[in-house]
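Single-structure report; data block below.
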Amino acid sequence: MKVRVLIRLRSSILDVQGSAVKRALGGLGFDDLDDLRVGKMIELEVRAASPEAARGRVDEMCRKLLANPLLEDYTVEVLPAGDLAQARAGR
Amino acid sequence: MTGAEPKVTVDLARALGLTGEEYDRIVKRLGREPSYTELGLFSALWSEHCAYKHSRVFLRRLPQTGPRVLQGPGENAGAVDIGDGWAVVFKIESHNHPSFIEPFQGAATGVGGILRDIFTMGARPIAILDSLRFGDPDDPKTRKLIEGVVSGISWYGNCFGCPTVGGEMAFAPEYAGNPLVNVLCVGLVRADEIFRARAAGVGNPVFYVGNKTGRDGIHGATMASATFDEHAEERRPTVQVGDPFTEKLLLEACLEAMRTGAIVGIQDMGAAGLACCTSEMPARSGTGMEVEISRVPQREWGMTPYEILLSESQERMLLVAARGREEEIRRVFAKWELDAVQIGQVTEADELVVRERDEVVARVPVAALADGPRYEKPTTEPADLAGLRAFDPLSLAEPRDLGATLATLLGAPTIASKEWTFRQYDQQVGINTLVLPGSDAAVLRVKGTRRALAVKTDGNGRQVFLDPRRGAAMAVCEAARNVSCAGGRPIGVTDCLNFGSPERPEILWQFAEAIDGIAEACRHLDLPVVGGNVSFYNETSGQAVLPTPVIGVVGLLEDAARHSTQGFKAAGHRVALLGGEAVSLGGSEYLWTLHRRLAGALAPLDLELERRVQAAVQNAVEAGLVASAHDCAEGGIAVALAECCVTGRQRVGAQIALPGGIRGDLALFGEGPSRIVVSVEPARVRAFEALMAESAIPWRWIGATGGERLRMAVGEADAIDAPLERLESAWRSGFERHMA
Amino acid sequence: MRFAVVVFPGTWSDCDFHYVISEVLHQPVKYVWHRERSLDDVDCVILPGGFSYGDYLRAGAVAGRSPVVESLGGFVERGGYVLGSCNGFQILCEAGLLPGALMRNECLQYRCQSTHLVVEQVETPFTRGLRRGQVLTMPISHGEGKYHADPETLALLRKRNQIVFRYATAEGAVTRAANPNGSVENIAGVASPEGTVLGLMPHPERAAEAAIGGTDGLLLFQSLLGTLVEDGSFLKR
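Residue numbers (the numbering used here), protein chains in the order written: chain A, 27 to 117; chain B, -18 to 721; chain C, 17 to 253.
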């Protein structure tokens, strides 16, 4: 089962990296930006009986290690088969 | 062999960077056409980067031996005895081409490569110094390069845990299209526990350890042997990616495995990766090697033997173990969670045999691979050089406000404070750093002994451009003088020779002259060159960099407590100038910064005087007679004194009188070798005078410290009277204002 | 007092702490590998600086879940002391042994420089020989040292006097300019409510000899060992 985790700083927390990237884009003429947040993406291939089971397992991984709940929010997305490989090939 | 491989032809050989003659030579040597894999081996091992084709005949002129030398050139790094059973291992290497294509990863993997060169010798790295050259930081593209390179060095060195204690950064438009990133690493090892890159002992197992192999950097060695054009950025895929965490594990695992006694020889898989190790290691021992390529740990699918052999994936080593002790090796690497896989063994026959699932894909005499072609190509002095040297800088008008000129020079990026850079580097891990960046040389104690090491890099491209022989000799002298100012007695040199294309006779002339200058200076100062690196083809679209030999000097202090720094310590000290009077504005920072001219003749260099001046300052520091010592370099004595005033723990002013009879700008900003400014506490003045009398060098008192201003007179004329605050702010902001 | 210095893959201040404890303080000290769980014969555990596991996921995240860190809770309950510096502080926060978290420096660059710390709390084993308001000089060396805690946690920290050090000027003033990494309220070090677990970003082991960065870092050890107060030659409260 292919699962994608998106982790980003909670909205209450100042994202200095995001602000810097936003400033840099502004310098290149992209001044139509209201907000920009930098986060990280983790792709996993999980052995699980069902999408729900995979989601539950990865959610646990997020709580135990992948995200720091003091700072970060995360979303877990179970991908249709083949998506991950395609996403890789397209990079 | 698989059908997908390209057909081997002379055109393919050319596409891989070999010449038609070289291809013929391969065919003759093998007695047949090479296979595709074999051609790949030759193209990498016979590249300029690996084979030193154009430089070897000249490099022989360098002095490479001495009573302290334990290991000269030809190994992973040089080693010099420092007493008490310890040896210092050091080497400098360039990563110019990769850093231009991908500044962050290029610089980071440059640090990684040189660290491995040190710890494959069995030494623990204790210090890094970086010698960097860029175009004008006014240019946003250059600023991006600087940011990338500095953060790459910072990331790799900091994460690995080796302090960056020094180095220099200089700027000139000639480097804009081809920055220089040279990294020097220093390590410590017990003198009787040095490891070498040997494949001795027929039947001994060959282990691959470290990171897995991917397609990174294939033909990196070939890339480093070509000039750039406007398509350079398209070559990005061949740039390697660094992993300092794995490197740190590899360090600890290698040193631990070495302590077991089960390792016979070890080499870093650097340029040309596995191909280089599997041919150089047996070639050094008069043996051969057989490897099964499918056993190599791989990160990507479907890699061909050609790709696996030539990959420049980072953080990998090849080691030869003692037969029967394989388990000890595996156990140590397993503890550090690293791959350690036996991929072959040492053989008797003088050949490298590469198999892929038992099928032979390459069978080549190791001597043929390791013994690349050597050329002695024509050299010609550039036609316009004599004219450039004939220019008289004194034909230009003298500035009216010499104080303002001093502030301008202090704010020139090359001279200005590099704190922006150094504060991004861990300078202290290992708790050995006695003198942090920002003085003449870094000083590191050697724990368990009373001794310390002083280390410095130098290399003024403008001076070498105008007069390669004298300029290169001056670079050796200046690096050694900086070490001497810190109290160190120089014991060894490593050099990184950065030049344009050797296929142009004018460039090769610069190179040959520079080598002669380095050799001459090293002989006079009793300094062996124990290792280094040649980086040719530093040019973009026909514009070569300034010829830049970067000289790294390591010095020894018998008493770590007796070291010196450049900053004035207190008011009421007397200030003296040791050494020569001869200075010139030719090739000076003054002439460039104020007039944007690169011309004129250099000041004369008297190597005997240089040797005596260095010995005098070493003795004075060792006897505890000086409160500060600082070399006069770019910007002349005025800049040197201003730096003494503003780089100590607190600002200390000075009143200085220089002899008249020459123009103020020449007296103040003229550059010349063998000149050192020292300050002396009143209580030590008599002892200092006695020591100088013994030293038989020219020297004179030129003033005293105190106050909040730097005042300098030349003859009867008051030349400079500037508040230190103004000088310091010019110096502090000169480089940083570009980067903020 | 018996010390243990924990070694994770990627730790690099382990040798420095070991050297200071054995060669400067002349106390018994041993290394403990991250997979070990037993801390029975030890009085004080040091979590040193470095980049454990490369800090590739988050600084201190993986090390914070290692066997040796899991056994720290019990060790502290049995009366043990824990000092985490730099990466060690990050690990203690990630493991939940100290409140808050450490984020990327506000300047987005690594910072290695000398800092001044004003002592706020002297009721801990590590600071009991110091004076409130005393200014110490110690270097920092990190890319992720911006201390973060939400307002409720901060209020609690203040109430329980858990804030031990703040970045300050040489005179002890807590100013924005003296804050090298953007830490909230200039916080450089915090302790557990009992004071037996201390985390700080600066490096006391790099300020333990006069020739190397001064000796202010030693004061933490001397407080712990009781030598500061007993011999009377140092500052008293």
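The beta carbon of each residue, even a glycine, is placed where N, CA and C say it ideally should be.
- Contact annotation: in the segment 82 to 111 of chain A, residues whose CB is within less than 8 Å of a CB in chain C are 90, 91, 92, 94, 96, 97.
- Of the candidates B/363, B/476, B/164, B/140, the residue whose Cα lies closest to the Cα of residue 127 of chain C is B/140.
- Distances from the CA of residue 321 of chain B to each of B/393, B/581, B/296 were compared; the closest alpha carbon is that of B/296.
- Residue 499 of chain B and residue 438 of chain B have their alpha carbons spaced roughly 14 Å apart.
- Contact annotation: the segment 264 to 272 of chain B touches the segment 327 to 337 of chain B, with at least three C-beta pairs closer than 8 Å.
- Residue 606 of chain B has its alpha-carbon roughly 32 Å from the corresponding atom of residue 476 of chain B.
- Put simply, the CB of residue 51 of chain C is far from chain A, with every gap to its CB atoms at 8 Å or more.
- Among the residues of the segment 131 to 164 of chain C, those with a Cβ less than 9 Å away from any Cβ of chain A are 162, 164, in the order of the chain.
- The residue among B/153, B/174, B/2 with its C-alpha nearest the C-alpha of residue 102 of chain B is B/174.
- Below the 7 Å Cβ cutoff, chain B contributes 409, 412 as neighbours of residue 222 of chain C, in chain order.
- For the segment 111 to 129 of chain C, the set of positions with a beta-carbon nearer than 8 Å to some beta-carbon of chain B reads 125, 126, 127, 128, 129 in chain order.
- Residue 417 of chain B and residue 18 of chain B have their alpha carbons spaced roughly 49 Å apart.
- Contact of residue 77 of chain C with chain A by beta-carbon distance below 8 Å involves 91, 94.
- At a cut-off of 8 Å between beta carbons, residue 603 of chain B makes no contact with chain C.
- For the set B/424, B/22, B/432, B/51, the Cα lying nearest the Cα of residue 65 of chain B is the one of B/432.
- Distance from residue 145 of chain C to residue 238 of chain C at the Cβ level is roughly 6 Å; contact confirmed, criterion being Cβ atoms closer than 8 Å.
- Non-local C-beta neighbours of residue 67 of chain C in its own chain, meaning closer than 7 Å and more than five positions away in sequence, comprise 26, 103, ordered along the chain.
- Between residue 244 of chain B and residue 178 of chain B, the C-beta spacing is not below 8 Å.
- Taking 8 Å as the cut-off between beta carbons, the residues of the segment 40 to 65 of chain A near chain C are 42, 43, 46, in sequence order.
- The closest CA to that of residue 52 of chain C, considering only C/61, C/166, C/37, C/83, is found on C/83.
- Residue 61 of chain B and residue 472 of chain B do touch by the CB rule: their CB atoms are close to 5 Å apart, below 8 Å.
- Residue contact with chain A for residue 81 of chain C: present (Cβ-Cβ distance below 8 Å to some residue of chain A).
- When only Cα atoms are considered, residue 694 of chain B and residue 35 of chain C end up about 51 Å apart.
- Within the same chain, and ignoring the five residues on either side of residue 78 of chain C in sequence, the residues whose Cβ sits closer than 6 Å to its Cβ are 69.
- Here residue 49 of chain C is exposed. Its C-beta has fewer than 16 other C-beta atoms within 10 Å.
- Taking a contact to require three or more Cβ pairs closer than 8 Å, the segment 300 to 316 of chain B and the segment 37 to 47 of chain B do not qualify as touching.
- Taken atom to atom, the span from the alpha-carbon of residue 543 of chain B to that of residue 591 of chain B is near 22 Å.
- Counting along the chain, no alpha helix (DSSP H) covers residue 335 of chain B; the unbroken beta strand (DSSP E) around it starts and ends at 332 to 337.
- Per DSSP, residue 571 of chain B is one residue of the alpha helix (DSSP H) stretching across 570 to 576.
- The beta-carbon of residue 218 of chain C is placed no less than 8 Å from the nearest beta-carbon of chain B.
- Residues of the segment 53 to 72 of chain C with a C-beta less than 8 Å from any C-beta of chain B: 65, 66, 67, 69, 70, 71, 72, listed in chain order.
- Scanning its chain for C-beta atoms nearer than 6 Å, with the 5 sequence neighbours on each side dropped, one finds around residue 540 of chain B the residues 431, in chain order.
- In the displayed model, residue 10 of chain B falls within a helix according to three-state DSSP.
- Taking a contact to require three or more Cβ pairs closer than 8 Å, the segment 114 to 132 of chain B and the segment 482 to 492 of chain B do not qualify as touching.
- Around the beta-carbon of residue 111 of chain B, 16 or more other beta-carbon atoms lie within 10 Å, marking it buried.
- Cα atoms of residue 10 of chain B and residue 26 of chain B: separation of roughly 15 Å, rounded to the nearest angstrom.
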